[in-house]
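Beneath this line is the structure, given in structure tokens, with notes to follow.
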Amino acid sequence: MIEEELYLEKGSVVCNSSQPARDLYAVRSGALKECTIDRAGKERVIEFYFPGETVGLYALSQHTYRYCAISIEKSTVCRIPFDSLLERIKHMPRLQQNLLNMMSRQLFNRTLLNHFQSAEQQLAAFLITVSQRCAQLGQSSVPHWLGISRHDIAGYLQLTTETVCRVLTRFRQRGLITTDKKQIVIHKTAELAELAS
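The sequence shown maps to residues 2 to 198 in the numbering used here.
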């Protein structure tokens, strides 16, 4: 079913918005972001994808990609053509269920962050959610995944980069996290979860 494995440098474009949708991209290593440009010309990050997650699921029901998918670090993805996937689905009910589960999880992850009010709540919820996603996918819950730039986190949460940096500094001063360049390590999950609630 896998057509080919693609090795991506940081900043590589996997698919563009308005491009005909023919493939899914399963992330094997690294991380990708899905983004769009708003009317003011500002980039808005729609979603992040980590190893074990799949880019382009929504496009199964559409003819074009809605968003641009870009690697945010060196990454490996597997290109899976829709045609071969849909052919397999006919004979594999378990694969159907797996796809539905992935779609449901992606929708839940995005919806979860939409109801938080303050920047602290949003950022705490983001850190906890991504940590849990990585843990569910069999990775450490505090690994290199937060090689996500502050700019991209801000674009995802629709905050300014300055606000994200300021809140992360407060979290660090309270001993909730440590930071080293782009790396963020969570030390007090319960306290962050309480902030997010």
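We put the beta carbon where it would ideally sit given N, CA and C, even for glycine.
Three-state secondary structure (DSSP) of residue i
| i | result |
| --- | --- |
| Thr161 | coil |
| Leu7 | strand |
| Thr180 | strand |
| Ser30 | strand |
| Ser76 | strand |
| Ser198 | coil |
| Tyr68 | coil |
Beta-ladder partner(s) of residue i, from DSSP
| i | result |
| --- | --- |
| Arg45 | Thr37 |
| Cys135 | None; Cys135 has no bridge partner. |
| Thr170 | None; Thr170 has no bridge partner. |
| Pro82 | Asp24 |
Beta-carbon spacing of residue i, residue j below 8 Å
| i | j | result |
| --- | --- | --- |
| Val56 | Glu88 | no |
| Glu252 | Gly156 | For residue 252 there is no data in the structure shown, the boundaries of the chain being 2 and 198. |
| Leu33 | Tyr59 | no |
| Ala120 | Leu160 | yes |
| Ser13 | Tyr66 | no |
| Ile38 | Ile149 | no |
| Thr162 | Arg173 | no |
| Ala126 | Gln63 | no |
| Tyr26 | Arg80 | yes |
Assumed close pair residue i, residue j - CB separation to whole angstroms, cut-off 8 Å
| i | j | result |
| --- | --- | --- |
| Gln122 | Leu196 | 6 Å |
| Leu124 | Val165 | 7 Å |
| Leu128 | Val78 | With 8 Å as the limit, Leu128 and Val78 do not qualify as a contact, their Cβ atoms being about 25 Å apart. |
| Glu207 | Pro82 | Outside the displayed range of the chain (2 to 198) lies residue 207, so it cannot be described from this structure. |
| Ser76 | Val46 | With a Cβ gap of about 16 Å, Ser76 and Val46 do not count as contacting. |
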